[in-house]
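Under full-length UniProt numbering, the first residue of the sequence shown is numbered 1, with each subsequent residue one higher.
To keep things clear, I will list the structure first and then write my remarks on it.
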Amino acid sequence: MTPKIAHFLAEHAPATPCLVVDVDRVEARYRSLHDVLPLARIYYAVKANPAEAILRRLVSLGSAFDAASWEEIRMCLDAGAQAQDISFGNTVKKVSAIANAHAAGVTMYAFDCIEELEKLARHAPGSRVYCRLIVENEGAEWPLSRKFGTTLDSARDLMLRARALGLDPYGLSFHVGSQQTTTDAYEAAIARVGMLFTDLAAAGLNLRMVNLGGGFPIRYREDVPEIDRFALAISHAMTEHFGNDLPEMIVEPGRFIVGDAGVVSSEVVLVTRRGLKDDTRWVYLDIGRFGGLAETEGESIRYGIRTPHDGGATGQVAIAGPTCDGADIMYEKAPYALPLDLASGDRIELLSTGAYVSTYCSTRFNGFAPLTEHYI
């Protein structure tokens, strides 16, 4: 938690649940990534947190944007981004979304199959297109390998087909999974991309861009490799497979940029036990999986927690949300120990919640209002 957020919470004690984001921290993270990967253009993954304050700050820093929908494109444009600085990175797009983006001046699109490619040829003619590859996601806390991408041999045929359809076959992309904790994943993916670049060049098609995706991790409860280690691994792999003839490079960070810039303030609603001999207390918060903490599914993302009783004796807990849905449990298997003095009415903080929280809070399930957001 940044001092700026701590001061805001102490001075204002905003109603809970709420998300507080330090926009200066967002800027610092953007600059730190730019410093270690100066040859890569940063396309912020808008899906991580599309708040206007964040988008406007990133526009002022010269960021480009990776958008998943026409609505995200519109938000970027409203925040001052130029259409040529927006990539429509979702490989599953409605025709109307493609047409709207093309009319607005967006010229770069992702795809991973022939039908999507043909939609782009019809509704965004002449656009730059890049094909998403399937790569291994081992080491990622939030894998993304099953739903998206295509194989190397299929990608080869698709890129040649893109040229035949009058599109600009710009490059290749991959995503090693969100919260990726190993540098090996990037090295292996770049090797595959390099092979396909060479193969297509032999067929007379020279690609110009490699989109490295996102996945750079942040610290939750455990340490992760520093960003300079990922940057070094990427730089070495790019040099190994492309030599001095480096293509354009794109990265699409989301979590890395905004994750540790945010804190969720929540109220403890209830602390209880399931039986007299049960050693595990159940702690119910006024936010849960349906209120923004969707990434706790499978206990994949394990947020750090601060309480007003830290430093005292602790005991094992399960942590759940306020709704009447039995699936609204964030942590039951993960080893969370919270103070024995924790009680109903206490305010706690869930740390590093700036990414993929507000965007998942999209319903009023059980009548609970979405969390309030404060950008400071």
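Glycine is no exception: its CB is placed at the ideal position from the N, C-alpha and C atoms.
Predicted, not measured: the structure shown is a model, and the values here were computed from it.
Is residue j closer than 8 Å to residue i when the C-beta atoms are compared?
| i | j | result |
| --- | --- | --- |
| V357 | L293 | yes |
| Y303 | S352 | yes |
| V263 | L350 | yes |
| G105 | E252 | no |
| residue 377 | F148 | Residue 377 cannot be examined here, being either before or after the span of the chain that is shown, 1 to 376. |
| L205 | M159 | yes |
| V258 | G354 | yes |
| D341 | H309 | yes |
| E11 | R57 | no |
| Y331 | E299 | yes |
| E267 | R347 | yes |
| D66 | Y44 | yes |
| K47 | E72 | yes |
| Y30 | L61 | yes |
| V135 | K119 | no |
| T315 | A337 | Before going further, note that residue 315 is Gly rather than Thr in the sequence given. Yes, Cβ-Cβ distance for G315 and A337 is below 8 Å. |
| E248 | R208 | yes |
| A68 | V21 | no |
Smallest Cα separation from residue i: which of the options?
| i | options | result |
| --- | --- | --- |
| residue 440 | I218, T181, P225, S173 | For the chain, the structure presents residues 1 to 376; residue 440 sits outside this window and is missing. |
| P169 | L200, D85, T323 | L200 |
| residue 379 | L212, A327, V283 | Beyond the ends of the chain as shown, which are 1 and 376, falls residue 379; an answer cannot be given. |
| R25 | A261, D66, N366, V251 | A261 |
| I234 | Y220, I257, A191 | A191 |
| I86 | K4, S63, V92 | S63 |
| G166 | R122, E52, G194 | R122 |
| D325 | D66, E118, E295, G291 | G291 |
| Q84 | V92, F242, S96, A103 | A103 |
| L19 | L33, S127, M1, R364 | M1 |
| F365 | I376, A327, P339 | A327 |
| A188 | V269, A313, E240 | E240 |
| S154 | R163, C113, T181, G243 | C113 |
| C76 | F230, T181, A53 | A53 |
Give me the Cα-Cα distance between residue i and residue j, rounded to the nearest whole angstrom.
| i | j | result |
| --- | --- | --- |
| T272 | R281 | 5 Å |
| V210 | Y186 | 12 Å |
| T183 | R274 | 43 Å |
| G321 | G215 | 27 Å |
| A318 | R255 | 26 Å |
| L55 | D278 | 47 Å |
| L133 | V193 | 8 Å |
| A6 | A81 | 31 Å |
| I287 | T150 | 37 Å |
| G171 | S32 | 26 Å |
| I98 | G126 | 13 Å |
| A124 | H34 | 31 Å |
| P17 | I218 | 23 Å |
| H175 | V59 | 24 Å |
| T359 | T323 | 19 Å |
| T107 | N100 | 11 Å |
| N49 | F368 | 21 Å |
| C131 | M195 | 14 Å |
| A231 | E295 | 26 Å |
| A202 | T363 | 51 Å |
In terms of residue numbering, what span does the alpha helix (DSSP H) encompassing residue i cover?
| i | result |
| --- | --- |
| L350 | Element bounds for L350: not the alpha helix (DSSP H) but the beta strand (DSSP E), 347 to 351. |
| R122 | 114 to 123 |
| G194 | 184 to 202 |
| A294 | Where A294 is concerned, there is no enclosing alpha helix (DSSP H), given that its DSSP letter is neither H nor E. |
| T239 | 227 to 242 |
| C131 | From DSSP, C131 is part of no alpha helix (DSSP H) but of the beta strand (DSSP E) over 128 to 132. |
| L33 | 23 to 36 |
| H12 | 3 to 12 |
Since residue i is in the beta strand (DSSP E), which residue starts that stretch and which ends it?
| i | result |
| --- | --- |
| P169 | 168 to 173 |
| N211 | 209 to 211 |
| P339 | 329 to 339 |
| Y356 | First-last for Y356: undefined, no H or E at that position. |
| T314 | 314 to 320 |
| A64 | 64 to 67 |
| E248 | 248 to 251 |
| S60 | Not the beta strand (DSSP E): S60 falls in the alpha helix (DSSP H), residues 52 to 60. |
How many whole angstroms separate the CB atoms of residue i and residue j, which I take to be in contact at a CB cut-off of 8 Å?
| i | j | result |
| --- | --- | --- |
| L117 | R74 | The pair is not a contact, with the Cβ atoms about 24 Å apart (cut-off 8 Å). |
| S265 | L9 | 6 Å |
| I301 | R41 | Not really, about 27 Å apart at Cβ, beyond 8 Å. |
| I227 | V36 | 6 Å |
Flag residue i as yes if its beta-carbon sits less than 8 Å from any beta-carbon of chain C, otherwise no.
| i | result |
| --- | --- |
| R281 | Absent from the structure is chain C; it holds one protein chain and no more. |
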